[in-house]
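Taking it in order: structure first as structure tokens, then the write-up.
Protein chains: 2
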Amino acid sequence: MVNCEMISFLGEDWTRMTKRIESSLESDISLLDKTNKTILANGGKKLRPLVSLLMARACSGGCVTNESLDYAAAVELLHNATLIHDDVADESMVRRGAPTVYASLGQTASVLIGDFWLVQTMKCILSGGRKDDRIADLFSSTLRSLAEGEMLQLEKTTTADTSEEEYLRIIYSKTASLFETASACAAISVNATEEIVEAAKEYGRNLGLAFQIKDDIMDYESSDISLGKPVGVDLMEKKITLPLLGALETVNEDEKKEIRKKVAEIDSKPENAEEVRQFVFANGGIQCAKNRLRKYVDKAVESLSILPDSKEKEYLTALAGFSADRKI
Amino acid sequence: MVNCEMISFLGEDWTRMTKRIESSLESDISLLDKTNKTILANGGKKLRPLVSLLMARACSGGCVTNESLDYAAAVELLHNATLIHDDVADESMVRRGAPTVYASLGQTASVLIGDFWLVQTMKCILSGGRKDDRIADLFSSTLRSLAEGEMLQLEKTTTADTSEEEYLRIIYSKTASLFETASACAAISVNATEEIVEAAKEYGRNLGLAFQIKDDIMDYESSDISLGKPVGVDLMEKKITLPLLGALETVNEDEKKEIRKKVAEIDSKPENAEEVRQFVFANGGIQCAKNRLRKYVDKAVESLSILPDSKEKEYLTALAGFSADRKI
């Protein structure tokens, strides 16, 4: 897998970052400690800290700082905190092919454990008396985005009238904002110029948008459970994503209304989901989403042009490609 | 009510602090904005920001800083964040006599809204580029305490073998730690000496311990629903609190074992709860807890002796008394 090679390339930096995550999750409350270790063992792609460390090195000729390691650890902690809470919210039983904390320990523990990861995120950011206000601003607006994005999505599922603009805000908030912060904080951590920090931000944002659009495409495309989650789950939850929005663009107002109505009624008529899915495929929704995805990948790669050539830059370019071509 | 007079005494400082809370909870996501306003309208006692502002003024001859207002707002935001998540965790339907967010909007929204309040807590602490590491340390260890305390309590409910030491750790973590931070940050916000900061910390900790012990006594004593929650809920959840621990101290090992067994089996034998409750009353458990409560109140008042006399100091003394004598 593409990120194994990168992790091995990052070597000691990666190990030190991972150690920070592990030690910040240690606790003498055995139920908490054991659960945290299980979550860590189940892993995940660790894309966000990968972006963060690669960017820190790409901006500094390969020299990360203690701050670089803390921020990379913080983004991974935060990402996992939101997953733990998402699983409570959605009552999800399986994540990454393993039982969720929610499935294993129920509602009470999973809310608290998610809070604990959130708290340790803050601790990572706050530790060592940071002087740079930009870090606090980036993390707090990302944190706010994460909660607001999910709330907007939730609000929209009751009416099934999500517009493309709202869709973009949702995926920025729930995914791209954290990639943006991961990337921008990395640049700040090695004292990059304001211009490079902006480029890093741009890279992270576009990578995140591409990543989420690919997720939304896969939700339509997948016909097996290699994703570790049931197929077509977005539609069953009345979440309107880019493939459907793309397909809706090709039909007239009456047809649009009819399809949106079918989505809105999915709770009582689950058979609607398959109809809507076929509508998406028949009307080029997937291709439309793929075109947009490609656009964000290109933008992400373009924003790297300000950086000197390096192995790190090559990997960041590869990650943008991976976000579009991945199977998981 | 005692705190109405204090709030009116705090006047403009209170209004400005409240405004900070309100504006930090505004959102253009209407579901979120509306829910936040409802939570705010349902109020609560607002004891923590009261302690915070009174302490800031008591340490400074009546002059609060912008930091004082931010920290007071942050403790109230954090307290509410934990209540919102507690209600999801416990599936509670009623809080402060009104439906909980969980009851009104269900699991998904209430997890996210709790996260949002948690995030805004951080924003309040981080805003304005604070330079004092002590603030970050206090808040992050309180945040960690809150999650760990609940986890320890949860772990203990499965075996019903909580010791008094563990009980004290639980109530420190879930309640007293936040009072401690509210009080200590207030002193720091007005540049109090290290000695006064320590005294403020001591006051907050003992007040918080007293407050939680009173809560635990009321859970046994209440025979109406003026609390806004069903009576005897701790015992039904197999939470062993000070009144029961006090009563257990008066009997021999065999009887102890028997009572603990009765608690452990409450899920399948709910009738055990009334038996245990009667055991507590018959064996002086309530009186024992009241004695301990009084000890913490006295300690809290004692720690104020370092401060010059003022109306604020009088109110802080009154709050310690209130924590022991309150009916709600």
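Chains as they are written, first to last, in the numbering used here: chain A, 106 to 433; chain B, 106 to 433.
The beta carbon of each residue, even a glycine, is placed where N, CA and C say it ideally should be.
Treat the numbers as computed from the prediction; the structure is a model and nothing was measured.
Chain-ordered chain B contacts of H190(A) [CB-CB under 8 Å]:
V216, L217 and D220
From S197(B), V206(B) and A177(B), pick the residue whose C-alpha is nearest to that of A146(B); which is it?
V206(B)
Proximal residues of chain B, C-beta to C-beta of V193(A) below 8 Å
V193, Q212 and V216
Whole-number beta carbon distance between L421(A) and Y308(A), since they are thought to touch under 8 Å
7 Å
Once you ignore the five residues that flank K334(A) on each side, which residues in its own chain have a CB closer than 8 Å to its CB?
Unreliable positioning characterises K334(A) in this predicted model, as indicated by a pLDDT of 49, which lies under 50. The coordinate reading is nonetheless provided below. The residues are S197, V199 and R200.
Using the C-alpha atoms, what's the distance from A292(B) back to L251(A)?
33 Å
Whether F244(A) touches L183(A) by CB criterion (9 Å):
yes
Interface residues of the segment 230 to 250 of chain A facing chain B [CB-CB below 7 Å]
Listed by position along the chain: L231, G234, D238, A241, S245, L248 and R249.
Which residues mark the beginning and the end of the alpha helix (DSSP H) in which C393(B) is found?
G390 to S408
Report yes if the C-beta distance between L340(A) and V381(A) is below 9 Å; otherwise report no.
yes
Neighbour flag for V224(A) against chain B, beta carbons, 9 Å:
yes
Under a Cβ-count criterion, where at least 16 other Cβ atoms within 10 Å of its own Cβ denotes burial, should D192(B) be classed as buried or exposed?
buried
Which partner residues of A179(A) appear in the DSSP bridge assignment?
Per DSSP, none; premise fails for A179(A).
Flag E478(B) as yes if its beta-carbon sits less than 9 Å from any beta-carbon of chain A, otherwise no.
With chain B covering 106 to 433 only, the question about residue 478(B) has no answer from this structure.
Which residue's Cα is closest to the Cα of G116(B): L137(B), S129(B) and L174(B)?
L174(B)
Can you give me, in chain order, the residues of the segment 258 to 283 of chain B that have a beta carbon less than 7 Å from any beta carbon in chain A?
The segment 258 to 283 of chain B vs chain A, Cβ under 7 Å: L259 and E260.
Mapping DSSP to helix, strand and coil, what is R201(A)?
coil
Determine the contact status of L130(B) and E417(B), defining contact as a CB-CB distance below 9 Å.
No. Outside cutoff.
Quick one: measure Cβ to Cβ for A369(B) and V402(B), integer angstroms, because I've assumed they're closer than 8 Å.
About 33 Å separates the beta carbons of A369(B) and V402(B), which is beyond the 8 Å limit, so they are not a contact pair.
Would you list, in chain order, the members of the segment 131 to 155 of chain A that have their beta-carbon closer than 8 Å to a beta-carbon of chain B?
Correct list: S132, I134, S135, L136 and L137.
From K306(B), R365(B) and L136(B), pick the residue whose C-alpha is nearest to that of F284(B); which is it?
With distances taken between CA atoms, F284(B) lies nearest to K306(B) out of K306(B), R365(B) and L136(B).
Range of the contiguous alpha helix (DSSP H) that encloses L210(A)
V206 to L231
From F221(A) to E363(A), what distance separates their C-alpha atoms?
Cα-Cα distance, rounded: 44 Å.
Within chain B, the residues that A252(A) reaches when beta carbons sit closer than 7 Å
L217, D220, F221 and V224
Within-9 Å CB hit, T187(A) to chain B
Interface residue, yes.
Report buried or exposed for G351(A), applying the criterion of at least 16 other Cβ atoms within 10 angstroms of its Cβ.
buried
Just checking: is the beta-carbon of K344(A) within a distance shorter than 9 Å of some beta-carbon in chain B?
no
Count the other CB atoms within 10 Å of the CB of D372(B); is the residue buried (16 or more) or exposed (fewer)?
When all chains shown are included, D372(B) counts as exposed.
Chain-ordered residues of the segment 169 to 185 of chain A with a beta carbon less than 7 Å from chain B:
With the criterion set as a beta carbon lying under 7 Å from some beta carbon of chain B, the segment 169 to 185 of chain A has no members that meet it.
Can you name, in chain order, every residue of its own chain whose Cβ lies under 6 Å from the Cβ of R310(B), other than the five neighbours on each side?
The residues A281 and E285, in chain order, have a CB closer than 6 Å to that of R310(B) in the same chain once the five nearest residues on each side in sequence are set aside.
I want to verify the contact list: residues of chain B whose CB lies under 7 Å from the CB of M227(A), in sequence order.
M227, S245 and L248
For A315(B), count neighbouring C-beta atoms within 10 Å of its own C-beta (all shown protein chains included) and say buried if the count is 16 or more, exposed if not.
buried
Per-residue DSSP class, three states only, for R431(B):
coil
Of all the options G219(A), K374(A) and A387(A), which has the alpha carbon lying nearest to the alpha carbon of V356(A)?
A387(A)
Which residues in chain B sit within 7 Å of E255(A), going by Cβ to Cβ distance?
L217
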